[in-house]
Amino acid sequence: MIVAERKSIEEIVEQLAGVRSVLVLGCNECVTVCEAGGKKEVGLLASALRMVFLQQGREVNVGERTIERQCDTEYLEEVRDMMDSFEAVVSLACGVGIQFTAERYPSKPVYPGVNTCFMGAALERGVWAERCQGCGSCILAVTGAVCPITRCAKRLLNGPCGGSTSGKCEISKDVECAWQLIIDRLKALGRLEEYERLSPIKDWSTDRAGGPRKIIREDLRS
Amino acid sequence: MSPKTPSKLEKILRAGHLAVTSECGPPRGSDPSHIVHKAELIKNHVDAINITDNQTSVCRLCSLAACIRLKLMGLEPVLQMVVRDRNRIALQSDILGAASFDIHNLLCLSGDHQRFGDNAQGQNVFDLDSMQLLQTVRRMRDEGKFLGGDPIQRPPAMFVGAAANPFADPFEIRVPRLAKKVAAGAEFIQTQCIYNLDKFEKWMTLVRDRGLHEKVFILAGVTPFKSAGMARYMKTKVPGMDVPDEVVKRMAGTPKDKQAEEGLAICVESIQRLKEVKGVAGFHIMAIEWEERVPEIVERGGLYPRPAV
Amino acid sequence: MRLGYPSSIRIIRVPCTGKVDVLHILRCFERGADGVAVVGCREGDCHYQSGNFRAKKRVERARQILEQIGIGGDRVRMFNLSSSDAPMFVRFAQEIHAAVLSAGPNPIRAARPARGAPTETAARAMAAVNR
Numbered sequence: 001m002i003v004a005e006r007k008s009i010e011e012i013v014e015q016l017a018g019v020r021s022v023l024v025l026g027c028n029e030c031v032t033v034c035e036a037g038g039k040k041e042v043g044l045l046a047s048a049l050r051m052v053f054l055q056q057g058r059e060v061n062v063g064e065r066t067i068e069r070q071c072d073t074e075y076l077e078e079v080r081d082m083m084d085s086f087e088a089v090v091s092l093a094c095g096v097g098i099q100f101t102a103e104r105y106p107s108k109p110v111y112p113g114v115n116t117c118f119m120g121a122a123l124e125r126g127v128w129a130e131r132c133q134g135c136g137s138c139i140l141a142v143t144g145a146v147c148p149i150t151r152c153a154k155r156l157l158n159g160p161c162g163g164s165t166s167g168k169c170e171i172s173k174d175v176e177c178a179w180q181l182i183i184d185r186l187k188a189l190g191r192l193e194e195y196e197r198l199s200p201i202k203d204w205s206t207d208r209a210g211g212p213r214k215i216i217r218e219d220l221r222s
Numbered sequence: 001m002s003p004k005t006p007s008k009l010e011k012i013l014r015a016g017h018l019a020v021t022s023e024c025g026p027p028r029g030s031d032p033s034h035i036v037h038k039a040e041l042i043k044n045h046v047d048a049i050n051i052t053d054n055q056t057s058v059c060r061l062c063s064l065a066a067c068i069r070l071k072l073m074g075l076e077p078v079l080q081m082v083v084r085d086r087n088r089i090a091l092q093s094d095i096l097g098a099a100s101f102d103i104h105n106l107l108c109l110s111g112d113h114q115r116f117g118d119n120a121q122g123q124n125v126f127d128l129d130s131m132q133l134l135q136t137v138r139r140m141r142d143e144g145k146f147l148g149g150d151p152i153q154r155p156p157a158m159f160v161g162a163a164a165n166p167f168a169d170p171f172e173i174r175v176p177r178l179a180k181k182v183a184a185g186a187e188f189i190q191t192q193c194i195y196n197l198d199k200f201e202k203w204m205t206l207v208r209d210r211g212l213h214e215k216v217f218i219l220a221g222v223t224p225f226k227s228a229g230m231a232r233y234m235k236t237k238v239p240g241m242d243v244p245d246e247v248v249k250r251m252a253g254t255p256k257d258k259q260a261e262e263g264l265a266i267c268v269e270s271i272q273r274l275k276e277v278k279g280v281a282g283f284h285i286m287a288i289e290w291e292e293r294v295p296e297i298v299e300r301g302g303l304y305p306r307p308a309v
Numbered sequence: 001m002r003l004g005y006p007s008s009i010r011i012i013r014v015p016c017t018g019k020v021d022v023l024h025i026l027r028c029f030e031r032g033a034d035g036v037a038v039v040g041c042r043e044g045d046c047h048y049q050s051g052n053f054r055a056k057k058r059v060e061r062a063r064q065i066l067e068q069i070g071i072g073g074d075r076v077r078m079f080n081l082s083s084s085d086a087p088m089f090v091r092f093a094q095e096i097h098a099a100v101l102s103a104g105p106n107p108i109r110a111a112r113p114a115r116g117a118p119t120e121t122a123a124r125a126m127a128a129v130n131r
């Protein structure tokens, strides 16, 4: 899932200086699962904002709504009527949802209510960790299904570096060395000899380096 | 095998001499006298001088400019290049820049993560890794081609090296990793500082078992301790460093005013023992901000005078 | 035992403090409560295993939010007792009452222009009692 983190209430309040009505718009997908921007978080933020505005002596109408997905136009259309009664939107969706909401409602200022962080998984309740950087050219087949681009701080394709100590990365004892994980995994699979294959120079053009990415599937287009 | 480049370091190694290199860290400012002074201290006792590339991610005068200073003094620099700060365009461009000043030695490194330095909030690049940089230089030199495939007019004539850390984890892949660097094109290796000689000898046995010592010149890295505090720091704070307890104890058990001498003694003893290890082709003496004592280490280590080639 | 506790306290019953959400606590303050005490079973005695531990974390989160928005985090507290321990309940009631008195009225009441602030100055608090 896309993992996001709540922004501080203070930062959101700063963004809303001078606003007289605001819709707090949540998203039912990834941000709900990582408890940063679902219905519950919408309720909490709206309640907190109301109390802040009251104390500031401002009369601000704070609305609450959570839709299925902010990254699909159909669901964004569901709030079209509601949008008319609000001057601005605080979106608790990921960066994708925030931008897509703004694209659908060009005259409404849309403010981010979360910091979108990474694509990751829940290690346990309340703990999420990054697993993929979306480089557009997956090499997990040769790295024992452990991604060095995501999990090595130097994204080394022929690691580990000299800083790997007791299975930990040189940047922190709390970070696992990706290459230690890769080697352990290759060993478990009986494929350790593959470690000696040199990983070729990577084509980063499918990554962020190649500019904004787009996928077109002609078989699916209407 | 006859030398493939005009590198003096390569000539010495191929002639079968034990080579001696040392290193200087560039200043945190633009005054060139600093690097000139350091080089003057050691120039008669070493074959080549490494210039570090923003080591520990602390911003300094650039390695290439400092190498040019050494060239202007008639000395033999080893240009260190980390892949942390430059993409493949900048790396190839800097290699050509170095070659234009006839800098003939290049050491390919990953580089410490920027979190250790004075710009921890910066972006890192890592477009290539150190092995891919080795491949890149070898392609530029041997095939006379850029990575993109276009021909290079006057390709760089560089003797290409890499680092190896026999003490990092996991130990079992440390020799396979060296084999990978050799396959990627490394011709010489400068190792991490060696304090755990037993472990290094074990590593060298595995290196010889695979015949790697015949494919690459291995320069054993040594660093003298200035104090017991430095020994403890290296043991506990520097990732991938292996300082045995007895070495720390030996330093700590020496009176404070004699610790520097004891550190030098340990360094000299290490060199004498490592000289006997088959496959060790020379020494890389990293006297961190202590260049003035390098000549003494070289002399007491029985590595002086340096051969003329 | 007919023990008295401050009359400004209104009790809201919930099946388990694990049912109490951060939002419930915030809503109390939005509507003018001066303080909230969440009263659960003793730690380790939860009939639903971990309800009171969940409540403890939610109370902490509510405290943080209330602190951030200028209402004051000290107005909300978690207490743990055995359901038969009436004297302890009275002590807790007096404690939240005292905390609320020292924090003063909920600034939200004064800030609401239309409805006007309630006249009584005594603290109003809600307690969620686990049964």
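Chains as they are written, first to last, in this note's numbering: chain A, 1 to 222; chain B, 1 to 309; chain C, 1 to 131. Glycine residues also receive a C-beta, built at the ideal position from the N, C-alpha and C atoms. Note that the structure is predicted; figures quoted are calculated from it, not measured.
Taking CB distances under 7 Å as the criterion, tell me whether residue i reaches chain B.
i, result
"THR165(A)", "yes"
"ASN61(A)", "no"
"GLU170(A)", "yes"
"ASN115(A)", "no"
Does any residue of chain A bring its CB to less than 7 Å from the CB of residue i?
i, result
"ILE173(B)", "yes"
"GLY240(B)", "yes"
"GLU30(C)", "yes"
"PHE159(B)", "no"
"PRO295(B)", "no"
Cβ of residue i less than 7 Å from any chain C Cβ?
i, result
"ALA48(A)", "yes"
"GLN15(A)", "no"
"ARG142(A)", "Position check: residue 142(A) holds Val in this sequence, whereas Arg was assumed. Not closer than 7 Å to any Cβ of chain C, the Cβ of VAL142(A) fails to qualify, so no."
"ILE286(A)", "Chain A is shown from 1 up to 222; residue 286(A) falls before or after that span and cannot be answered."
"GLN99(A)", "no"
"GLN55(A)", "yes"
"GLY224(A)", "Within the shown structure, residues of chain A are numbered from 1 to 222, placing residue 224(A) beyond reach of any answer."
Would you say residue i and residue j are within 7 Å of each other, going by their C-beta atoms?
i, j, result
"ALA99(C)", "GLY72(C)", "no"
"PRO166(B)", "GLY163(A)", "no"
"VAL160(B)", "GLU143(B)", "no"
"VAL389(B)", "ASP53(B)", "A question about residue 389(B) goes unanswered here, because the residues of chain B that appear run from 1 up to 309."
"ALA37(C)", "ILE108(C)", "no"
"ALA4(A)", "HIS113(B)", "no"
"ALA122(A)", "GLY37(A)", "no"
"LEU140(A)", "SER199(A)", "no"
"PRO6(B)", "HIS104(B)", "yes"
"VAL146(A)", "ARG104(A)", "no"
"LEU64(B)", "ALA98(B)", "yes"
According to DSSP, simplified to helix, strand and coil, what is residue i?
i, result
"ASP34(C)", "coil"
"SER205(A)", "helix"
"CYS28(C)", "helix"
"GLN114(B)", "helix"
"LYS154(A)", "coil"
"PHE53(C)", "helix"
"ARG60(B)", "coil"
"GLY63(A)", "strand"
"MET73(B)", "coil"
"GLY116(C)", "Its pLDDT being 45, under 50, GLY116(C) is placed unreliably by the model, and the measurement read from it follows with that caveat. Coil, per DSSP."
"HIS47(C)", "coil"
"MET88(C)", "helix"
"ALA128(C)", "Its pLDDT being 48, under 50, ALA128(C) is placed unreliably by the model, and the measurement read from it follows with that caveat. Looking at ALA128(C) - three-state DSSP - the assignment turns out to be strand."
"MET158(B)", "coil"
"ARG10(C)", "strand"
"PRO176(B)", "helix"
"GLY257(A)", "Only positions 1 to 222 of chain A appear in this structure, which leaves residue 257(A) out of reach."
"ALA123(C)", "Caution is warranted here: a pLDDT of 36 is assigned to ALA123(C), below 50, making its placement in the model unreliable, and the coordinate value is therefore given only provisionally. If DSSP states are grouped into helix, strand and coil, ALA123(C) belongs with coil."
"MET81(B)", "strand"
"ALA111(C)", "helix"
"VAL280(B)", "strand"
Is residue i near the ligand ADP, in the sense that its beta carbon is under 6 Å from a heavy atom of that ligand?
i, result
"SER8(A)", "Here there are no bound small molecules, and the ligand ADP is not part of this structure."
Query raised in the report: Along the chain, which unbroken stretches of the alpha helix (DSSP H) at least 4 residues long are found entirely within the region 178-258 of chain B?
Result: Fully enclosed alpha helix (DSSP H) runs of 4 or longer: 197-209, 228-237 and 245-252.
Query raised in the report: Hey, is the region 193-206 of chain B in contact with the region 262-281 of chain B, meaning 3+ C-beta pairs nearer than 8 Å?
Result: Contact annotation: the region 193-206 of chain B touches the region 262-281 of chain B, with at least three C-beta pairs closer than 8 Å.
Requested in this report: Kindly confirm or deny that the region 166-176 of chain B and the region 129-147 of chain B touch, where touching means at least three C-beta pairs closer than 8 Å.
Outcome: With the rule of 3 Cβ pairs closer than 8 Å, the region 166-176 of chain B does not count as touching the region 129-147 of chain B.
Query - Three CB pairs or more closer than 8 Å across the region 37-49 of chain A and the region 74-84 of chain A - result: With contact defined as three or more Cβ pairs closer than 8 Å, the region 37-49 of chain A and the region 74-84 of chain A are not in contact.
Requested in this report: Tell me, please, whether the region 21-31 of chain A touches the region 80-87 of chain C by the rule of three or more beta-carbon pairs shorter than 8 Å.
Outcome: In short, these stretches do not touch, since the Cβ pair count stays below three.
Report task. Answer yes if the region 206-224 of chain B comes into contact with the region 176-187 of chain B, meaning at least three C-beta pairs across the two stretches below 8 Å, and no otherwise. Result -> Because the criterion of three Cβ pairs below 8 Å is met, the region 176-187 of chain B and the region 206-224 of chain B touch.
Requested in this report: Determine contact between the region 8-15 of chain C and the region 260-277 of chain B, defined as no fewer than three beta-carbon pairs at a distance below 8 Å.
Outcome: Short answer: they don't touch.
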